[in-house]
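One structure below.
In full-length UniProt numbering, the protein residues as written are 1 to 587.
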């Protein structure tokens with residue numbers, strides 16, 4: 001008879017145990033309140049997110065949500081739940097009474113563990129669905145790819161991390177005292193918020209560190225800061241992976257600059273200008289090779305160069321000129337895009353069109369703000385362009401109207417800057433109309449702007465990848481030792497590697513990566529970084545020639561390995577804790 005009853009009791013289902021545990025925890029007011037707080041936090045954040053317009057804002061806000069959710073709220077729920085079942089229920093003999101009825105300790109242990117996992121995952125799932133649902137409702141069911149990627153990685157990452165946290169805290173509860181568990185948990189919570197401090201300190205130090213390169217072609221040295229090198233290599237990484245705004249244009253033009261080995265110092269040389277114009281912009285169909293004629297521009301002379309003898313201040317002049325290699329206008333570009341059959345070229349043209357429209361909108365006074373760019377791609381047909389002095393008291397021959405004359409008149413009109421040898425004219429209604437209408441080539445300015453954006457970084461990239469680092473000069477050894485120390489820290493820190501998994505796979509709003517329109521060449525690639533979160537790092541590795549490897553940004557340990565290690569440790573702790581529980585005196 002005893003054997004039959006024992007058999008009957010031992011057949012109590014796992015789901016019945018879960019139900020019993022759930023009823024127990026529902027009666028615990030503090031635990032219920034904690035879960036309500038987490039739900040309210042997720043609901044509040046979901047409404048806040050719905051009003052964010054840019055991907056950058058979403059990334060910054062959501063990373064803080066993730067950090068607070070995991071490192072504070074979820075952590076407290078797990079700790080409180082485990083304390084409720086494995087401390088309080090032991091002390092009030094509830095667990096002893098249940099298990100004394102000959103319920104399998106192993107089954108009971110797994111039931112309690114599973115309930116905490118389910119509660120944790122339920123909070124994560126609720127946050128995932130409420131954030132995405134509210135965003136869809138508030139934005140006419142428009143899917144935001146950045147938010148969807150961030151929330152999906154958050155969902156999967158938090159599932160894994162919650163299991164690891166549960167196993168670790170449970171291990172402490174059963175193998176140590178409650179006091180030690182609280183101390184360890186407090187430290188764990190604190191370390192979650194300072195995991196990124198070593199990287200921050202290192203990057204601050206690297207801002208002043210210099211690497212020295214031996215320039216092979218000139219037998220001189222070139223110093224570059226470590227921070228500028230990282231900015232350059234990160235930019236190359238994002239361009240090559242397509243993770244940047246106007247990615248087709250950036251990739252195409254960047255490759256063209258690197259293949260031709262263009263550098264900032266010689267970018268405006270005659271040979272380089274011709275290659276840029278003929279081999280890139282003309283190939284895209286953006287340059288009209290037909291000559292355009294501009295007749296009878298009447299103006300009043302202000303200043304004349306030395307070679308114009310007898311041409312004086314206030315002399316009336318008349319200019320007839322022809323120009324060649326002019327960039328097409330926006331309407332013509334639309335037709336070029338429409339008729340283009342090569343898909344890759346079409347994508348580049350679309351990007352260029354969008355960039356041109358964007359820069360015109362951001363800089364409404366584009367001609368004045370970028371007057372210095374009326375330079376490289378300006379070609380006056382000097383054989384058929386003339387300037388005549390209309391002063392009736394002077395009998396002067398017509399002179400050739402040159403490209404340099406046009407440039408100096410243009411720049412003086414927009415900037416009021418000129419040298420004593422420049423040709424300049426007084427401003428008038430006719431001159432204003434000519435400059436602001438006939439001489440306004442927005443696509444030419446846009447082409448110059450995007451070239452300037454890229455050539456600075458391309459120059460640094462070429463210096464670093466084609467010339468050896470002088471390891472005995474500069475701070476190479478200091479840099480290398482600092483990075484080696486960070487690498488070791490990332491291996492041994494349970495927070496750095498684990499959090500870098502989240503930041504690596506959730507990523508950024510890459511379409512917000514672009515150059516500042518108010519600078520000649522500046523892009524900020526870390527303005528979406530969270531102050532408290534670590535990110536995957538790489539060290540500059542040298543090739544056989546002593547130069548930095550071209551794709552050194554790929555030399556990093558895949559952070560998913562850290563998750564695998566954490567799961568392995570969590571499984572080991574689970575096994576040890578399970579053995580301890582089955583042998584524990586619950587009376």
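Quick reminder that beta carbons are idealized off the backbone N, C-alpha and C, glycines included.
Treat the numbers as computed from the prediction; the structure is a model and nothing was measured.
| Excluding the five sequence neighbours on either side, which residues of its own chain have a C-beta within less than 6 Å of the C-beta of residue 385, listed in chain order? | Cβ neighbours of residue 385 beyond the five flanking positions: 321, 322 and 401.
| message | Bridge partners for residue 80 per DSSP, in chain order? | response | Paired residue(s): none; residue 80 is not in a bridge.
| Between the C-alpha atoms of residue 143 and residue 136, what's the straight-line distance to the nearest angstrom? | It is roughly 7 Å from the alpha-carbon of residue 143 to the alpha-carbon of residue 136.
| request: Along the beta strand (DSSP E) that carries residue 177, what are the first and last residues, could you check? | output: First-last for residue 177: undefined, no H or E at that position.
| field | Short Cβ contact (8 Å threshold) for residue 229 with residue 211 | value | Taking the C-beta atoms as reference points, residue 211 is found nearer than 8 Å to residue 229.
| said: I need the DSSP call for residue 267, collapsed to helix, strand or coil. | reply: Here residue 267 sits in coil by DSSP.
| request: State buried or exposed for residue 432, treating a residue as buried only when at least 16 other CB atoms are found within 10 Å of its CB. | output: Exposed: under 16 other Cβ atoms inside 10 Å.
| query | residue 475 by DSSP, collapsed to three states: which one? | reply | Residue 475 falls in the coil class under three-state DSSP.
| said: Is the separation between the beta-carbon of residue 525 and that of residue 513 shorter than 8 Å? | reply: yes
| said: Let me check one thing: in DSSP terms, what residues is residue 604 bridge-paired to? | reply: Shown here, the chain extends from 1 to 587; a query on residue 604 therefore has no answer.
| Straight-line Cα distance separating residue 65 from residue 31 | When rounded, the distance between both Cα atoms is 21 Å.
| query | Within 10 angstroms of its Cβ, does residue 420 collect 16 or more other Cβ (buried), or is it exposed? | reply | exposed
| task | Identify whether residue 116 lies in helix, strand or coil by the three-state DSSP scheme. | result | If DSSP states are grouped into helix, strand and coil, residue 116 belongs with the helices.
| query | Beta carbon of residue 534, beta carbon of residue 500: below 8 Å? | reply | yes
| said: Rounded to whole angstroms, what is the Cα-Cα separation between residue 160 and residue 275? | reply: 54 Å
| task | Enumerate in chain order the residues of its own chain whose CB-to-CB distance from residue 415 is below 6 Å, with the five nearest sequence positions on each side excluded. | result | So the list reads 371, once near-sequence residues are dropped.
| request: Going by DSSP, name the residue or residues bridged to residue 297. | output: Within the DSSP secondary-structure output, residue 297 pairs in a beta bridge with 319.
| field | Residues near residue 516 by beta carbon distance below 8 Å, same chain, minus five either side | value | The answer, listed in chain order, is 522, 523 and 524.
| request: Assign residue 559 to one of two classes, buried (16 or more other C-beta atoms within 10 Å of its C-beta) or exposed (fewer than that). | output: buried
| task | Give the range of the alpha helix (DSSP H) segment to which residue 539 is assigned. | result | Premise fails: residue 539 is in no alpha helix (DSSP H) and is neither H nor E.
| task | Measure how close the beta-carbons of residue 78 and residue 165 come, nearest whole angstrom, since I'm counting them as under 8 Å. | result | 5 Å
| message | Whole angstroms are fine: how far does the CA of residue 193 sit from the CA of residue 495? | response | Taken atom to atom, the span from the alpha-carbon of residue 495 to that of residue 193 is near 9 Å.
| Exposed or buried, residue 547, counting other C-beta atoms within 10 Å across all chains shown (16 or more means buried)? | buried
| message | If contact is defined by three or more beta carbon pairs under 8 Å, each pair taking one atom from either stretch, is the stretch 386-395 in contact with the stretch 306-320? | response | yes
| query | Considering residue 448, what are the terminal residues of the alpha helix (DSSP H) in which it resides? | reply | Following the DSSP letters along the chain, one finds residue 448 inside the alpha helix (DSSP H) bounded by residues 442-466.
| query | By a C-beta neighbour count over all protein chains shown, 10 Å radius and 16 as the cutoff for buried, is residue 338 buried or exposed? | reply | exposed
| request: Please classify residue 213: does DSSP put it in a helix, a strand, or coil? | output: strand
| request: From the DSSP output, read off the bridge partner residues of residue 380. | output: 323
| request: Report the option in 167, 300, 484 and 176 whose CA atom is closest to the CA atom of residue 569. | output: Out of 167, 300, 484 and 176, the CA that lies nearest to the CA of residue 569 is found in 167.
| task | List the whole-angstrom C-beta distance separating residue 423 from residue 408, where the pair is believed to meet the contact cut-off of C-beta under 8 Å. | result | Between residue 423 and residue 408 a beta carbon distance of about 5 Å is seen, short of the 8 Å cut, so the two are scored as contacting.
| said: Considering Cα atoms alone, identify which of 328, 69, 217 and 540 is closest to residue 34. | reply: 69
| Limits of the beta strand (DSSP E) - the one that residue 223 falls within | 220-225 is the span of the beta strand (DSSP E), which, as asked, contains residue 223.
| field | Coil, strand or helix - residue 354 by DSSP | value | helix
| message | Does residue 182 come out as helix, strand or coil in the three-state DSSP assignment? | response | Residue 182: helix per DSSP, three-state reduction.
| query | To which residues does DSSP link residue 397 through a beta bridge? | reply | DSSP output for residue 397 lists no bridge partner at all.
| task | Using a threshold of 8 Å, state whether the C-beta atoms of residue 238 and residue 351 are closer than that. | result | Result no, Cβ atoms of residue 238 and residue 351 do not sit closer than 8 Å.
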